[in-house]
Every structure is written in structure tokens, then in C-alpha cells.
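Single-structure report; data block below.
6 protein chains.
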Amino acid sequence: MRKKKLSQRVVEEKADQILVLEANIDDQSAESLAPVLDLLMDNGALDAFFSPIQMKKNRPAIKLTVMIHPADQQAITYLILKHTSTVGVRYQTMRRTIMPRHFMTVTTSYGDIRVKVVNYDDIEKYTPEFDDCLAAAKAHDVALNQVYLAVYQQLK
Amino acid sequence: MRKKKLSQRVVEEKADQILVLEANIDDQSAESLAPVLDLLMDNGALDAFFSPIQMKKNRPAIKLTVMIHPADQQAITYLILKHTSTVGVRYQTMRRTIMPRHFMTVTTSYGDIRVKVVNYDDIEKYTPEFDDCLAAAKAHDVALNQVYLAVYQQLK
Amino acid sequence: MRKKKLSQRVVEEKADQILVLEANIDDQSAESLAPVLDLLMDNGALDAFFSPIQMKKNRPAIKLTVMIHPADQQAITYLILKHTSTVGVRYQTMRRTIMPRHFMTVTTSYGDIRVKVVNYDDIEKYTPEFDDCLAAAKAHDVALNQVYLAVYQQLK
Amino acid sequence: MRKKKLSQRVVEEKADQILVLEANIDDQSAESLAPVLDLLMDNGALDAFFSPIQMKKNRPAIKLTVMIHPADQQAITYLILKHTSTVGVRYQTMRRTIMPRHFMTVTTSYGDIRVKVVNYDDIEKYTPEFDDCLAAAKAHDVALNQVYLAVYQQLK
Amino acid sequence: MRKKKLSQRVVEEKADQILVLEANIDDQSAESLAPVLDLLMDNGALDAFFSPIQMKKNRPAIKLTVMIHPADQQAITYLILKHTSTVGVRYQTMRRTIMPRHFMTVTTSYGDIRVKVVNYDDIEKYTPEFDDCLAAAKAHDVALNQVYLAVYQQLK
Amino acid sequence: MRKKKLSQRVVEEKADQILVLEANIDDQSAESLAPVLDLLMDNGALDAFFSPIQMKKNRPAIKLTVMIHPADQQAITYLILKHTSTVGVRYQTMRRTIMPRHFMTVTTSYGDIRVKVVNYDDIEKYTPEFDDCLAAAKAHDVALNQVYLAVYQQLK
Numbered sequence: 001m002r003k004k005k006l007s008q009r010v011v012e013e014k015a016d017q018i019l020v021l022e023a024n025i026d027d028q029s030a031e032s033l034a035p036v037l038d039l040l041m042d043n044g045a046l047d048a049f050f051s052p053i054q055m056k057k058n059r060p061a062i063k064l065t066v067m068i069h070p071a072d073q074q075a076i077t078y079l080i081l082k083h084t085s086t087v088g089v090r091y092q093t094m095r096r097t098i099m100p101r102h103f104m105t106v107t108t109s110y111g112d113i114r115v116k117v118v119n120y121d122d123i124e125k126y127t128p129e130f131d132d133c134l135a136a137a138k139a140h141d142v143a144l145n146q147v148y149l150a151v152y153q154q155l156k
Numbered sequence: 157m158r159k160k161k162l163s164q165r166v167v168e169e170k171a172d173q174i175l176v177l178e179a180n181i182d183d184q185s186a187e188s189l190a191p192v193l194d195l196l197m198d199n200g201a202l203d204a205f206f207s208p209i210q211m212k213k214n215r216p217a218i219k220l221t222v223m224i225h226p227a228d229q230q231a232i233t234y235l236i237l238k239h240t241s242t243v244g245v246r247y248q249t250m251r252r253t254i255m256p257r258h259f260m261t262v263t264t265s266y267g268d269i270r271v272k273v274v275n276y277d278d279i280e281k282y283t284p285e286f287d288d289c290l291a292a293a294k295a296h297d298v299a300l301n302q303v304y305l306a307v308y309q310q311l312k
Numbered sequence: 313m314r315k316k317k318l319s320q321r322v323v324e325e326k327a328d329q330i331l332v333l334e335a336n337i338d339d340q341s342a343e344s345l346a347p348v349l350d351l352l353m354d355n356g357a358l359d360a361f362f363s364p365i366q367m368k369k370n371r372p373a374i375k376l377t378v379m380i381h382p383a384d385q386q387a388i389t390y391l392i393l394k395h396t397s398t399v400g401v402r403y404q405t406m407r408r409t410i411m412p413r414h415f416m417t418v419t420t421s422y423g424d425i426r427v428k429v430v431n432y433d434d435i436e437k438y439t440p441e442f443d444d445c446l447a448a449a450k451a452h453d454v455a456l457n458q459v460y461l462a463v464y465q466q467l468k
Numbered sequence: 469m470r471k472k473k474l475s476q477r478v479v480e481e482k483a484d485q486i487l488v489l490e491a492n493i494d495d496q497s498a499e500s501l502a503p504v505l506d507l508l509m510d511n512g513a514l515d516a517f518f519s520p521i522q523m524k525k526n527r528p529a530i531k532l533t534v535m536i537h538p539a540d541q542q543a544i545t546y547l548i549l550k551h552t553s554t555v556g557v558r559y560q561t562m563r564r565t566i567m568p569r570h571f572m573t574v575t576t577s578y579g580d581i582r583v584k585v586v587n588y589d590d591i592e593k594y595t596p597e598f599d600d601c602l603a604a605a606k607a608h609d610v611a612l613n614q615v616y617l618a619v620y621q622q623l624k
Numbered sequence: 625m626r627k628k629k630l631s632q633r634v635v636e637e638k639a640d641q642i643l644v645l646e647a648n649i650d651d652q653s654a655e656s657l658a659p660v661l662d663l664l665m666d667n668g669a670l671d672a673f674f675s676p677i678q679m680k681k682n683r684p685a686i687k688l689t690v691m692i693h694p695a696d697q698q699a700i701t702y703l704i705l706k707h708t709s710t711v712g713v714r715y716q717t718m719r720r721t722i723m724p725r726h727f728m729t730v731t732t733s734y735g736d737i738r739v740k741v742v743n744y745d746d747i748e749k750y751t752p753e754f755d756d757c758l759a760a761a762k763a764h765d766v767a768l769n770q771v772y773l774a775v776y777q778q779l780k
Numbered sequence: 781m782r783k784k785k786l787s788q789r790v791v792e793e794k795a796d797q798i799l800v801l802e803a804n805i806d807d808q809s810a811e812s813l814a815p816v817l818d819l820l821m822d823n824g825a826l827d828a829f830f831s832p833i834q835m836k837k838n839r840p841a842i843k844l845t846v847m848i849h850p851a852d853q854q855a856i857t858y859l860i861l862k863h864t865s866t867v868g869v870r871y872q873t874m875r876r877t878i879m880p881r882h883f884m885t886v887t888t889s890y891g892d893i894r895v896k897v898v899n900y901d902d903i904e905k906y907t908p909e910f911d912d913c914l915a916a917a918k919a920h921d922v923a924l925n926q927v928y929l930a931v932y933q934q935l936k
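Residue numbers (the working numbering), protein chains in the order written: chain A, 1 to 156; chain B, 157 to 312; chain C, 313 to 468; chain D, 469 to 624; chain E, 625 to 780; chain F, 781 to 936.
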């Protein structure tokens, strides 16, 4: 696992290539499948998610999708095969347009909050860092939305 | 289990009362949960279905819902507790408006097909019996929709 | 259909009672089911939504849920039976806690936007009116989020 | 945006190639995401849809999928990045088998309705134009299904 | 919040009554809604889960469902209104059949694991405690399923 | 259709290539779409499943996904176009890592049950054959889980 996740670092490229892994899970409980998402994210997956699917024989099953750097294929495949009940993993390569990004810090009455700033052509978007906002909301015992609102009001 | 399912008999009432049972399933595989739907339908359930839900600890789980005649509560509860991993079943009573119904038979080039005729106020609706249509489609090796189309064309 | 929807008027009560209607739809196409939501909302439903469900015989079906004032039961039942393929509708009564609400207007560089203000105990929340924001975004050819951000910045 | 959507024109090809765009959305409300589908369809997307997904940290999120002509990649990417909260878009190329199609008009008691006729090998399918049927149903104050039924009965 | 959750204690009753709370969320991001599940569970909810729903105006929204002891109605309502964007909460009472339960401990090569034993009529079911199994799997760096298998093999 | 499905035979390869077919279905009922899954599996599809999607114009639709051997493209495409309402099918090629597998038989008090044994690197997993377990459960009138438990206990 070589690179930090995009969401947590400054990015200057505008495009890259990723590998998307999929596996259908119909013989494992929700309870035992759940920890796999965090496990994969902790080991370098760029993203990982579940989709509800309806399989043969009326099975209310789950599709696991994992997005990774191509170099991590072997390591992530090993983790999926070890920690889920699937007997196979399928792959496709996808190109990606990514918005170059940097971080700024905004001072609010709930403390300092990092804000991710992303750009593309004439588009500029600001995303308050979720973990900072959640920590601030808990520290001040306010609703998470209060913190987001405070950040938005400092963005002028 | 005392009554036949509504969908398979002539009905003259316009309202009744049913019991709706629910259970959340997060510690059983899709594979082993799947046969439960048929099992419940075969034992008198009026309807039974799965809904995808997202539970605590990021579990991609399933809610089982079963609609029954109130008199079947004990028998169906037993089946759910025996054949799923749930440790409890919850109940609510619901009133129901139902459309009185009778059957007619339509002759098509794919054979005779029963059609359910339902009425309410000035509304009249025709529903070709799915099992008849599927059997006819297989017997004549045509798409299911061909059979439905043939039935619709005889409804004039 | 007697009352305007809560979301569009000043509300002073803190609780009321509603009727929740449900019907499972497995013999109607998505295409023909879709317009029913708007039809129901236009005829006084407080809310209406679809949920994906998995029924007997592996049917990837839809549950329609409609929330109404109890006085509208007959009229809404008629519409559901007329415009969907279902042959029955089931009902449950639910109590409701509602946040008393009034409206204020906020002036932004994209024009005036109404904001719904709701209260409960020491909680106060502000919700910019979606339709106002969407109209402003279109009129100024900006992203919807730009308008929301402008509203949030005037809420101080 | 150069071509009209397949669904609205005569098609003679039997295969083409499309670009499929995807983005996961977890930091935007359903309310503000909803108008994006129409926006994309109005700007040349061949199709666009939402799928419910379950992301890291127990987020009940949405995957946006958009199918386009490859030549529209830049324009559609711009719209997604501008109107959603995503910071990246991923792409894959897919080949497509398409059924050549033409239109016929059917006269019913609810007026003239266009019907799309598609062919492939020995398969022939008829699809009444949804917009024509909906308009006729509203004009005659009948259920949409009544209009479809009337069309099917003229297809002999 | 008065009682410990059923899943964590010895239970002797065979039935009880719960309150089910629901709210539709269409104006809050998945990111900010996600922490609410844990918050509610930590404050006495018996269960809490999200369901994907499709609301008016094509909104890909979420229904929040919370099951509680009736005595917790006011406290949990407050938390939902404070921490989500909803402006109302609806309630229904449900009866519940619950399986009386006690715990036993099983010794495996991965350490001691608690197992919940539930009974109803002639049904007896064993559920290894998920948290014990997960901790053991992490401590021994094995797949979670290995631990479950080890527990099942000791149940004879 | 040339090869037996992976799940039912001894496999020695560790990788292969498959074709994934997709079609969005919005003008066909759940009832008539349901039999298509079995039809495709019976005709050589490696896997086939439905996903709930939300399309333009608020349609609660279904995406059909089918995984096949590339050599079956023409035959499976024909079946999809014949038996569903879609007017096109899209394709992508995916590589696959598969776990080599063989079968063993385990003797339990419910009879002999085949168990699939799969390997990859240092990973070894055992999957009791679902159809064997279901048949045994029915023959002995016990819950399916009882049979699985009996198999797990013989795996030592």
C-alpha cells in the first residue's frame, strides 16, 4: 500500500487510473461482512462500498466494490479473499478525472476546521473536513450541522 | 393456516384486518435466508418480502416483512424464529381495503389464460394470472410478454 | 383534500395524527408507476415514496408508501387503486411530533430566498426553501450549492 | 452535445460504443442532488441514474451513473463536477448492442399514440411512447394503463 | 435511558411492547447523517437503521427507523430532531415476541467467546457474540469466519 | 453454452476473463422480469442479478447484470433482448482472480453433504453445498442452519 488516500492529501494531477474490484457476497452474514469495509480502507483502498443486489434463488445479497491504485491489486485481492466468503474477484480499469486540491483552515467559534478546496476549470468547491467537524460538534455538544454552518459562514 | 391466499380465490369483502410481522436479519447469509420466503408463503402468509437496510456497525442487512391473517400469528412466528437467525419478531395490525374479485378465462392462441377481475367504485382492472402466462410462454417458447399481449387483445 | 401540506405553511401545533398507506407493486412497470408520486402529492398527500423490495418468486418490486391526513383516506385510496396495479391498500395510524414553523426571507446576491424556521425545545433549525434556491440557481446559472451557501452566510 | 437520444430517433446501427461515468456522492443532500438527473439528460446524456450504496463510516450514500456518447465526455464531466459535491469522476468504455428501431402511429379512442418498433434477429418488440400515453391519460382523465391497453389492442 | 439493550443481557420475558420512530431525510448529506445511528444506539435505542427510499421530485433519500422502549420517546425524539434535518418524527407502537436468552462461554483456540443461547418452544439457537469474535480474530490475525467456525465446533 | 458453471465443477485455473452485460429495465413489471434470472442461469450465465436503481422521471427501475463466458455473448444477448423489454445491452470485459477448488464429502447425522474447498496462497475456505444442505434440512424437517452447523462440526 503505497500512497495516502486522495481525500487526505494535496493533489496536483488532474487525472489518473484506478482498478475497480467487485465481488458478490451471498453466503456471509451482514454482521461478519461489515468490518471488511474499514479493513480495506485501512489498507489503502481509495474507496469501498456495498450495494444491495438480488441474486438467483431469491437471495437478498450484497455486491462489494473496492477502488484501488493498480499497484495494490495483489494485496487487496488477498484481503478480500481472506475476509469474505467470495471465491473470486473481478477487475476493471477505470480512468479518472480528479479535481486538484489543497487545504485551508477556517477559524470558527467551535475551533479550527480544515477545508478542502478543489478546482476544475472555473469551478471551485469547498468541503469542510468531516472528521474535524464531527470532533468539534462532540467537543461543544452541538449538532454537526451547526459546525458546518459556522464553517460556511467563514468562507466568504 | 386456514384461508387460501386472496390472490387465488374469489373475494367479496371490501375490507379486512391483517397482522404485519417484521424482523431484522444481520447474522444469517442471503443464501440461507432466501428459502424462508417460499416457506412462509407455502404456510399461509398473505405476502412476504425482503427490504435492504443499513444497520449499526455498517451492516448491510435485510428486513423481513410478513403479512398474515391474525389467526396465523403463532404458527408463522414459530416458523420465522425457527428458520431465521432473528431472536424476536415485532407485530402491528393494519386495516386493509381490498378490491372484490372474481375470475374469467380468456382464450388466446397460446391457450386459455385466467384473468383476475377486480372492482372498486367505478374502477375495474384486469390481471392475467402470472402462472398461467408463464406456463403458456414456456409451452410455446415465446417471450412472456407475447402472452400478456395476446391476453390484452382479447379483453375488449 | 383540505389542508395545505405542512412544508408550505406556518404550523403552530406540536403533534398530530396521520394515516400511512402502503401497497406492494409487482405487476406494473417503473415507467407507469413513476407519475403516481406527483399525482398523490398534488392531491393532498403529505408525503409519498417508493422503497425497493424483493418479493416471492424473485420479483424486484416496489413498495409505495403514502402519508395523509386521516380525512383524505377515501380519496387517496381511490387514486392508488385507480392509478396503480395493486388490488389492495393497507393502513396504519401514526402519531407525529412536528416542529412548529414559520418563514423568514433572506436577501442574497441571487435574490430573496424564503427560509423555514423550525423550533422544538432549545432546538432551532433553518431550511432554505428548495424551490426558491433551485429557481435562483437556474436564473443565475450557478450550482444549487452556491445559492445554499449564500443563504447560510446570511443566517448569522 | 451532438446527437439526439436513441430513444427519440430512428436508429439503423446495431452496435455502438458509449462512455459510462460514475461518481459516489456522500456529502450532498438528496434534495440538491435530485435535479442533476434532468440536467444531465437535457444536456445529451443517453441515460443517468442513482443507485443506493453503503459507504465507509456507515454512510447511506448514492452512486451516480451517466451513460454518454464518448464525444460528450468533457461537457458532461464539467456538469457533474459543477452540480454535485463529488471531487472526481471515473470512466469506462462499454460496447453496446442496440436494436434498430423505427416508429409507427396507432390510433386509439384516446387519440394517436406513437409506438417504437425494435428488431433484432427474429425478435420484434413494440413500445408505446410513454410521453404520448401519459398526455392522453391526463387529457381523458383515465389511468395510464387504460391507454396502454388501448394501444396493445390495436397492435394486432 | 433506563434499560440495557436486550442483546446484551439475560432476558426472561417472552413478549414486550416497543415504540418505532420514523423520519424521512432528504435535506442532509449521507456524511452528516451517518453518525446518528451510533448516537441513538449509545443513548438507549434498541435498534436503528437506514432504508433507501425514492421520494417526490426524484430525490434518492433515506428513511431513518428507530426502535425504543416507550419510556424513551421524549429523549430519543429530541436527539433525532437535534441531529438530523427532519422537521417531524412519526410513531407507532408494536408488540414483540422475544426469545428468552442467557449466555454461556465457549473455550476455543482463539480464547473464550460468549455465546447467546435463545429458546422458544422447541427451538434453541446459539449466537456467538460478534464483538468477542471480532476481537479474537484481530488478536490472532485470522479471518472472522475462522473464529466462528471454532465456536461452532465447540457447540456439540 | 459450453462450460459448466464454476460453482459446480473442479477448477484449476487461477484467473480468467469474463464478459459483464448490463441493461436498465423501466418498462416491464417485476413479475414478468423475475423469471429471466433463472432462464439466464439455466442457459450458461455464470451469475445474474438485479440492482434497484432510480432513473429519470422518478422511475423506480431495475438494472440487470449478467456475467458470462465471452463465447456466450451472442446467445445470452439474444435471450435478454427476447425476454426483457430493454432495447439494448451494454458490455464490458473483466479479468477475474478465481480460487482453485475441489470437493470433499462430509458425513453428518443429516446425511452426506458436499463441501467446496477453495485455496489461494495460504487461504483455505470451506463452503457446504447449499443445495445439499437445503435438501437435507427438508428431509429431516430441521432448520437449514442446523445442517450447516453439523457440517462445520465435521470440518475439524
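All C-beta atoms, glycine included, are put in the ideal place defined by N, C-alpha and C.
In terms of Cβ geometry, F/I805 and C/A342 form a close pair [threshold 9 Å]. Listed in chain order, the positions of the stretch 331 to 352 of chain C with a beta carbon within less than 7 Å of a beta carbon of chain B are N336, D339. Per DSSP, A/N24 is not a residue of any alpha helix (DSSP H); the beta strand (DSSP E) it occupies stretches across 15 to 25. Using a CB distance cut-off of 9 Å, E/A639 does not count as an interface residue toward chain D. The alpha carbon of A/T107 has as its nearest neighbour, out of A/V10, A/A143, A/Y152, A/R95, the alpha carbon of A/Y152. For E/M665, the enclosing alpha helix (DSSP H) starts and ends at 659 to 666. The Cβ of D/A513 sits no closer than 9 Å to any Cβ of chain E. Taken through DSSP and simplified to helix, strand or coil, E/S675 comes out as strand. In this chain, the alpha helix (DSSP H) harbouring D/Q541 covers 541 to 551. Segment contact: the stretch 322 to 330 of chain C against the stretch 374 to 382 of chain C, three or more CB-CB distances shorter than 8 Å; contact assigned. Taking 9 Å as the threshold, the shortest C-beta distance from F/F910 to chain A falls below it.
If you draw a 10 Å sphere on the C-beta of A/T105, you find fewer than 16 other C-beta atoms in it, and that means exposed. For the stretch 520 to 533 of chain D, the beta-carbon criterion of a distance under 8 Å to any beta-carbon of chain E is satisfied by P520, M523, K525, N526, R527, P528, A529, I530.
E/T721 is bridged by DSSP to B/V245, E/A639. Within chain C, the residues L461, Y464, Q465 have their CB atoms less than 7 Å from the CB of A/Y152, given in chain order. Non-local C-beta neighbours of C/L349 in its own chain, meaning closer than 6 Å and more than five positions away in sequence, comprise A360, ordered along the chain.
When secondary structure is reduced to three states using DSSP, D/K531 falls in the strand class. Among the residues facing chain E, B/R252 is not included, as its CB has no counterpart in that chain under 9 Å away. One finds Q777 in chain E with Cβ atoms closer than 7 Å to the Cβ of F/K936, taken in chain order. Against chain A, the beta carbon of D/L549 has neighbours under 7 Å at M99, Y120, I123, listed in chain order.
Contact between the stretch 296 to 310 of chain B and the stretch 262 to 280 of chain B is present, with at least three C-beta pairs closer than 8 Å.
Rounded to whole angstroms, the Cβ separation of B/M255 and B/V271 is 14 Å, and the two are not in contact under 8 Å.
Among the CB atoms of chain E, none fall inside 9 Å of the CB of D/S577.
In the displayed model, B/E187 falls within a helix according to three-state DSSP. For A/N119, the enclosing beta strand (DSSP E) starts and ends at 111 to 120. By the criterion of at least three beta-carbon pairs nearer than 8 Å, the stretch 433 to 445 of chain C is not in contact with the stretch 352 to 370 of chain C.
For F/A919, the closest Cβ of chain B is not nearer than 9 Å. Contact between C/A335 and C/I392 is confirmed by a C-beta separation of about 6 Å, below the 8 Å threshold. Judged by DSSP secondary structure, C/K437 falls within the beta strand (DSSP E) whose first and last residues are 435 to 440.
By the rule that beta-carbons nearer than 9 Å mark a contact, E/A699 does not touch chain A. Note: D/H570 is bridge-paired with D/V585 in the DSSP secondary-structure output. Close partners of B/A227 in chain C (Cβ separation under 7 Å) are lacking, with about 17 Å as the shortest Cβ gap.
Between B/Y247 and E/R683, the C-beta spacing is not below 9 Å. Counting the other CB atoms within 10 Å of its CB gives A/I123 a total below 16, which places it among the exposed residues.
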